[in-house]
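Peer 1:
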Amino acid sequence: MSLLPRTAEEFSSADYWERFFRKRGEKAFEWYGDYNSICGVLHKYIKPRDKVLVVGCGNSELSEQLYDVGYHQLTNIDISETVVSHMNQRNAERRPDLTFQQLDATQTGFESGSFQVGLDKGTLDAMASEEDCALAGSMLAEVGRVLSVGGRYVCVTLAQEHVIKLAVEHFAQGWAVRIHCLSGQQKEESDSSFALPVFVLVCTKFRQAPPSAVLELCQGEDGAPTRLASVPELLSAVKERQAYNLMLHKLRGGTDASSTPSLTLCHAATGRPRYTLTVQDSLPSAKLPRSNHFAIFIVPQGRESDWLYGSAEGRTQLASSAKFRRLVIVAMHRDQEYEDMQAVQSELSPMVMELAPPGMPANQQVPFLSVGGDLGWREVIGRGVSALTGEYSVEDVRGEDGHFFRRLIFMNNSQLVQSESRLRSAGTASSAHKKKNKKKSKPSVSDAPALTGVKDRIVDRGFLCCTHHEVMVAGLAMLGMDAINNKDQPVSVLLVGLGGGGLPQFVHDFVPCARVEVVELDPAVLEVAQTWFGFQTDERLNVTLGDGLEHIKTLESEGGHSFDVIMFDVDSKDTTLGMSCPPPAFVETSLLKKVYSLLTPRGLFMLNLVCRDSALRKSVLERVQAVFPCVFSRGIEGEVNEVLLCCRSSGEGHKPHTIPQTLQQTARDLQKTLRANTQTAPCVPQIDITAILNDLKVI
Numbered sequence: 001m002s003l004l005p006r007t008a009e010e011f012s013s014a015d016y017w018e019r020f021f022r023k024r025g026e027k028a029f030e031w032y033g034d035y036n037s038i039c040g041v042l043h044k045y046i047k048p049r050d051k052v053l054v055v056g057c058g059n060s061e062l063s064e065q066l067y068d069v070g071y072h073q074l075t076n077i078d079i080s081e082t083v084v085s086h087m088n089q090r091n092a093e094r095r096p097d098l099t100f101q102q103l104d105a106t107q108t109g110f111e112s113g114s115f116q117v118g119l120d121k122g123t124l125d126a127m128a129s130e131e132d133c134a135l136a137g138s139m140l141a142e143v144g145r146v147l148s149v150g151g152r153y154v155c156v157t158l159a160q161e162h163v164i165k166l167a168v169e170h171f172a173q174g175w176a177v178r179i180h181c182l183s184g185q186q187k188e189e190s191d192s193s194f195a196l197p198v199f200v201l202v203c204t205k206f207r208q209a210p211p212s213a214v215l216e217l218c219q220g221e222d223g224a225p226t227r228l229a230s231v232p233e234l235l236s237a238v239k240e241r242q243a244y245n246l247m248l249h250k251l252r253g254g255t256d257a258s259s260t261p262s263l264t265l266c267h268a269a270t271g272r273p274r275y276t277l278t279v280q281d282s283l284p285s286a287k288l289p290r291s292n293h294f295a296i297f298i299v300p301q302g303r304e305s306d307w308l309y310g311s312a313e314g315r316t317q318l319a320s321s322a323k324f325r326r327l328v329i330v331a332m333h334r335d336q337e338y339e340d341m342q343a344v345q346s347e348l349s350p351m352v353m354e355l356a357p358p359g360m361p362a363n364q365q366v367p368f369l370s371v372g373g374d375l376g377w378r379e380v381i382g383r384g385v386s387a388l389t390g391e392y393s394v395e396d397v398r399g400e401d402g403h404f405f406r407r408l409i410f411m412n413n414s415q416l417v418q419s420e421s422r423l424r425s426a427g428t429a430s431s432a433h434k435k436k437n438k439k440k441s442k443p444s445v446s447d448a449p450a451l452t453g454v455k456d457r458i459v460d461r462g463f464l465c466c467t468h469h470e471v472m473v474a475g476l477a478m479l480g481m482d483a484i485n486n487k488d489q490p491v492s493v494l495l496v497g498l499g500g501g502g503l504p505q506f507v508h509d510f511v512p513c514a515r516v517e518v519v520e521l522d523p524a525v526l527e528v529a530q531t532w533f534g535f536q537t538d539e540r541l542n543v544t545l546g547d548g549l550e551h552i553k554t555l556e557s558e559g560g561h562s563f564d565v566i567m568f569d570v571d572s573k574d575t576t577l578g579m580s581c582p583p584p585a586f587v588e589t590s591l592l593k594k595v596y597s598l599l600t601p602r603g604l605f606m607l608n609l610v611c612r613d614s615a616l617r618k619s620v621l622e623r624v625q626a627v628f629p630c631v632f633s634r635g636i637e638g639e640v641n642e643v644l645l646c647c648r649s650s651g652e653g654h655k656p657h658t659i660p661q662t663l664q665q666t667a668r669d670l671q672k673t674l675r676a677n678t679q680t681a682p683c684v685p686q687i688d689i690t691a692i693l694n695d696l697k698v699i
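Read in the UniProt record's numbering, the sequence shown has 154 at position 154, and its numbers run on one by one without any break.
1. Could you say if the stretch 293-304 and the stretch 357-377 meet the contact criterion of at least three C-beta pairs nearer than 8 Å?
2. Can you tell me the Cβ-Cβ gap for H293 and R326, rounded? I've got them flagged as a contact below 8 Å.
3. Hey, would you say Q151 sits closer than 9 Å to V55, going by beta carbons?
4. Smallest Cα separation from residue 707: which of C683, A615 and G109?
5. Output needed for residue 707: all residues of its chain with C-beta closer than 6 Å, excluding positions within five of it in sequence on either side, in chain order.
6. Look at the alpha carbon of I458 and the alpha carbon of A426, and state the distance between them as a whole number of angstroms.
7. Can the beta-carbon of V214 be found closer than 9 Å to that of E169?
8. Starting from C39, trace the alpha helix (DSSP H) both ways and give me its first and last residue.
9. Under 6 Å Cβ to Cβ from Y71, same chain only, skipping five residues before and after it: list those, please.
10. From which residue to which residue does the beta strand (DSSP E) around S230 run?
11. Taking 8 Å as the cut-off, does the stretch 142-156 touch the stretch 107-117 (at least 3 CB pairs, one atom from each stretch)?
12. Measure the alpha-carbon distance for Q536 versus S262 and round it to whole angstroms.
13. Return the residue from the list E527, C465 and K487 that minimises the CA-CA distance to F506.
14. Take C218 as the anchor and find which of K205, L201 and R207 has the nearest alpha-carbon.
15. What are the start and end residues of each continuous beta strand (DSSP E) run of 3 or more residues lying completely inside the stretch 53-104, in chain order?
16. Going by Cα to Cα distance, which pick from V595, D669, A524 and P96 is closest to R383?
17. Given G497, which residues of its chain have a CB within under 6 Å of its CB, disregarding the five upstream and five downstream residues?
18. Count the other CB atoms, across all protein chains shown, that sit within 10 Å of the CB of E64; report buried if there are 16 or more and exposed otherwise.
19. Got a sec? Which residues, its chain only, sit under 6 Å from M360 by beta carbon, not counting five neighbours each side?
20. Mind checking which residues open and close the alpha helix (DSSP H) that includes E347?
21. Would you report the Cα separation of I381 and L408, rounded to the nearest angstrom?
22. Nearest to Q267 by alpha carbon, out of E347, A167 and L479?
23. Does the contact criterion of 3 or more C-beta pairs under 8 Å hold for the stretch 484-500 versus the stretch 617-636?
24. Would you identify the three-state DSSP class for H403, choosing helix, strand or coil?
25. Which full runs of the beta strand (DSSP E) of 3+ residues lie inside the stretch 240-272, going along the chain?
26. With a CB to CB cut of under 8 Å and the five nearest residues on each side skipped, what residues in its chain are close to A529?
27. Distance, Cα to Cα, T690 vs A667?
28. Cβ of L604 within 9 Å of Cβ of G578?
29. How would you write the range of the beta strand (DSSP E) that I566 sits in, first residue to last?
30. According to the Cβ coordinates, are C581 and S590 closer than 9 Å?
31. Using C-beta distances below 8 Å, list every residue in its chain close to Q671, excluding the 5 sequence neighbours before and after it, in chain order.
32. Please confirm whether K697 has its beta-carbon closer than 9 Å to some beta-carbon of chain B.
33. Within 10 angstroms of its Cβ, does Q489 collect 16 or more other Cβ (buried), or is it exposed?
34. According to the neighbour-count rule (16 or more other Cβ atoms, all chains shown, within 10 Å of its Cβ), is L388 buried or exposed?
35. Check whether the stretch 99-113 touches the stretch 31-46, taking contact to mean three or more Cβ pairs, one atom from each stretch, closer than 8 Å.
36. Can you give, in chain order, each stretch of the beta strand (DSSP E) that sits fully within the stretch 497-543 and has at least 3 residues?
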């Protein structure tokens with residue numbers, strides 16, 4: 001038997017409610033929870049002596065329960081003749097002063113200012129279901145008319161967007177508007193509970209309008225009110241509470257390893273983000289200890305973008321290693337202070353327990369896990385605003401191996417490290433410590449530098465943090481050692497995309513006499529690279545500010561320009577595409593042909609490709625192969641990245657099917673050449689070219 005409307009418009013229909021109550025019969029229908037779940041906030045705003053108009057009372061027991069605890073001045077109205085007749089009969093003997101009248105809530109006929117409270121449990125939601133909400137607007141106006149100065153409209157609602165927007169905008173001028181969120185206060189087993197949280201809207205009528213709108217939100221019946229500056233801010237805060245409650249409803253329904261919902265916890269006083277929580281469930285097939293229901297993992301500060309914590313694959317692996325049915329992964333935000341691990345646990349405990357998996361025993365101990373038992377370390381050393389990309393942050397962090405790193409983060413995508421360089425103390429030589437794979441490295445601080453002041457930390461220019469940069473450097477071996485060591489005709493490189501400048505600086509410092517030209521679209525990126533990442537230009541290393549596409553077109557049309565190597569390392573700002581690097585225009589056939597024509601006969605085109613869309617990747621590869629006779633690929637372990645190494649000439653007149661046998665020897669020779677060039681460089685190159693080229697594949 002269907003007891004809820006099939007369409008939203010039916011809520012507003014008198015005929016619908018007649019049919020509804022005839023079907024329901026004697027059984028009370030508690031719209032949005034029973035008396036016990038809302039009585040606390042009702043008693044807060046309704047006094048026993050108040051004259052109360054109950055709008056759209058239905059056959060709910062709410063008025064009867066209020067009457068039984070001392071509220072005897074209740075006037076109940078409803079549009080349904082059936083329910084009014086039934087309720088009058090039900091209360092004639094036990095509650096003779098409790099009256100029920102069949103009236104239209106938009107035209108009650110009561111005198112103006114004759115009630116101190118208008119009580120509404122779900123009626124506004126029902127009447128606001130029509131597309132133009134005209135009926136609900138008329139009801140709100142009528143309730144406002146019959147309330148006295150100081151009177152309160154108390155409305156229990158699900159706060160659907162169009163409903164709460166109508167009510168708040170109606171009362172925002174001349175009234176104080178406060179909303180209580182009662183999410184989590186209903187009994188989960190109740191068949192009348194909703195997935196959405198229940199809100200109580202309280203609007204207080206002023207004699208004279210205040211100078212500015214009074215808009216407040218409270219969590220629970222006794223939560224301290226948070227003042228909001230505008231109606232959109234209040235509506236947004238309500239929407240966030242609804243989203244959170246819907247997530248809780250889903251999480252309590254079961255575990256799902258394929259779904260990883262996340263939420264942000266904000267500082268109550270400032271509203272600034274403080275924690276981001278991501279829920280990761282283990283696979284149903286995972287073999288777990290029976291008592292391992294739930295755990296919380298605290299990500300060290302500055303490490304939230306690491307593969308293990310910042311990617312879906314990494315979090316899956318983390319949950320598998322932790323061996324708990326549900327793991328909540330907690331990341332701390334920049335610009336927030338955290339005392340110690342114990343303080344963080346105390347702050348988080350009340351909230352994270354709401355995320356526990358279904359079936360967890362009530363007395364279950366929930367462990368807090370971390371790496372090394374501390375909160376990690378992060379120091380924001382610089383900020384700025386790019387006209388192209390918005391706000392950015394430059395910050396120093398401590399990595400998994402104990403070394404310190406400097407990162408450029410754009411705030412519009414704060415989980416992505418735009419550029420990264422390892423740091424060393426200004427007074428020490430560059431360490432020859434070999435970089436480990438970020439996924440598999442173990443914490444080790446034995447050879448890490450001691451923490452010093454920001455002025456004593458400098459970028460280690462011999463260490464490339466990004467594996468795809470290492471591949472591009474290793475790919476230079478495909479030019480041959482005659483080209484690398486030819487000082488009369490030094491290697492010429494055109495790089496589109498500067499970032500922190502680590503790649504072009506490395507080539508400049510360690511490849512003998514190499515000449516590097518960089519094209520960078522964003523002037524702010526160049527400033528950051530020079531200020532914070534040790535990037536230095538000279539006669540062999542220069543930067544052109546401008547559009548890389550236009551620069552290549554100009555060079556090709558002018559003629560007389562050629563490069564041994566052209567590198568594309570530029571990301572796309574369009575997050576809707578399945579390819580985040582490069583932007584699609586950089587791999588159009590027309591541009592690839594221009595790149596081809598700009599290469600010397602021995603030339604190489606290197607492309608950092610990040611493409612999650614398999615069909616799109618296939619299309620890109622087909623276009624590249626149509627232009628370049630010989631294409632190699634080197635994937636990046638644990639990442640979507642792959643580097644394409646595209647030769648202008650196949651060398652043997654036909655497309656090779658295997659890696660050239662001479663490449664490994666050339667790789668070893670290049671390694672020696674880079675190291676031999678350290679007398680003119682400020683540090684030692686830390687790269688294993690032979691190992692990198694071992695994983696090269698022919699496409």
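No residue lacks a Cβ here, since even glycine has one placed at the ideal position from N, Cα and C. What you are looking at is a predicted structure, and each value in this text was computed from that prediction instead of being measured.
Peer 2: Taking the structure as given:
1. yes
2. The count along the sequence shown starts at 1 and reaches residue 293 at position 293. The count along the sequence shown starts at 1 and reaches residue 326 at position 326. H293 to R326, Cβ: 7 Å. Contact.
3. On the sequence shown, residue 151 is found 151 positions in, with the first residue counted as 1. On the sequence shown, residue 55 is found 55 positions in, with the first residue counted as 1. As written in the sequence, residue 151 is Gly, which differs from the Gln given in the question. Taking 9 Å as the Cβ cut-off, G151 and V55 do not qualify as a contacting pair.
4. Residue 707 lies beyond the stretch modelled for the chain, which goes from 1 to 699, so this question has no answer here.
5. As displayed, the chain neither begins before 1 nor continues past 699, which places residue 707 out of reach and without an answer.
6. Here the question's residue 458 lines up with position 458 in the sequence shown. Here the question's residue 426 lines up with position 426 in the sequence shown. Taking the straight line from one Cα to the other gives about 6 Å.
7. In the sequence shown, residue 214 corresponds to position 214, counting from 1. In the sequence shown, residue 169 corresponds to position 169, counting from 1. No, they are not a contact pair.
8. Counting from 1 along the sequence shown, the entry for residue 39 is found at position 39. Y35 to Y45 is the extent of the alpha helix (DSSP H) around C39.
9. Numbered from its first residue, the sequence shown carries residue 71 at position 71. Only P48 meet the Cβ criterion.
10. Working through the sequence shown from its first residue, we reach residue 230 at position 230. From DSSP, S230 is part of no beta strand (DSSP E); its letter is neither H nor E.
11. yes
12. Stepping through the sequence shown from its first residue, residue 536 is reached at position 536. Stepping through the sequence shown from its first residue, residue 262 is reached at position 262. Spanning the two alpha carbons is a distance of roughly 41 Å.
13. Counted from its first residue, the sequence shown places residue 506 at position 506. The residue with the shortest Cα to Cα distance from F506 is C465.
14. In the sequence shown, the residue the question calls residue 218 occupies position 218. The shortest Cα separation from C218 among K205, L201 and R207 belongs to L201.
15. 74-78 and 99-102
16. To locate residue 383, count along the sequence shown from 1; it is residue 383. It is A524.
17. The count along the sequence shown starts at 1 and reaches residue 497 at position 497. So the qualifying residues of the chain are D569 and V570.
18. Position 64 of the sequence shown holds residue 64. E64 should be labelled buried.
19. Here residue 360 is taken as the residue at index 360 of the sequence shown, counted from 1. Counting only Cβ-Cβ distances below 6 Å, and skipping sequence neighbours, we find H293 and F294.
20. Counting from 1 along the sequence shown, the entry for residue 347 is found at position 347. E347 -> alpha helix (DSSP H) spans M341 to V352.
21. Mapped onto the sequence shown, residue 381 falls at position 381. Mapped onto the sequence shown, residue 408 falls at position 408. Answer to the nearest angstrom: the Cα atoms are 10 Å apart.
22. The count along the sequence shown starts at 1 and reaches residue 267 at position 267. Note on residue identity: the sequence assigns His, not Gln, to residue 267. H267 has its Cα closest to that of E347, out of E347, A167 and L479.
23. no
24. As a working note, residue 403 is residue 403 in the sequence shown. In this structure, H403 counts as coil in the three-state DSSP scheme.
25. 262-266
26. Looking up residue 529 in the sequence shown gives position 529. Contacts found: S419, L498, G499, G500, G501 and F535.
27. As a first step, residue 690 is located in the sequence shown; it is residue number 690 there, counting from the start. As a first step, residue 667 is located in the sequence shown; it is residue number 667 there, counting from the start. Their Cα atoms are separated by approximately 5 Å.
28. Counting from one through the sequence shown, the residue named residue 604 turns up at place 604. Counting from one through the sequence shown, the residue named residue 578 turns up at place 578. No; because the gap between Cβ atoms is not below 9 Å, this pair is not in contact.
29. What you label residue 566 is simply residue 566 of the sequence shown in a count that begins at 1. F563 to F568 is the span of the beta strand (DSSP E), which, as asked, contains I566.
30. In the sequence shown, counting from the first residue as 1, residue 581 sits at position 581. In the sequence shown, counting from the first residue as 1, residue 590 sits at position 590. No, the pair does not count as a contact, with Cβ atoms beyond the cut-off.
31. Translated into the one-based positions of the sequence shown, residue 671 becomes position 671. Taken in chain order, the residues that qualify are I687, D688, I689 and T690.
32. Protein chains in the displayed structure number just one, and chain B is not present.
33. Looking up residue 489 in the sequence shown gives position 489. Q489 should be labelled exposed.
34. Here the question's residue 388 lines up with position 388 in the sequence shown. Per the 10 Å Cβ criterion, exposed.
35. no
36. 515-520
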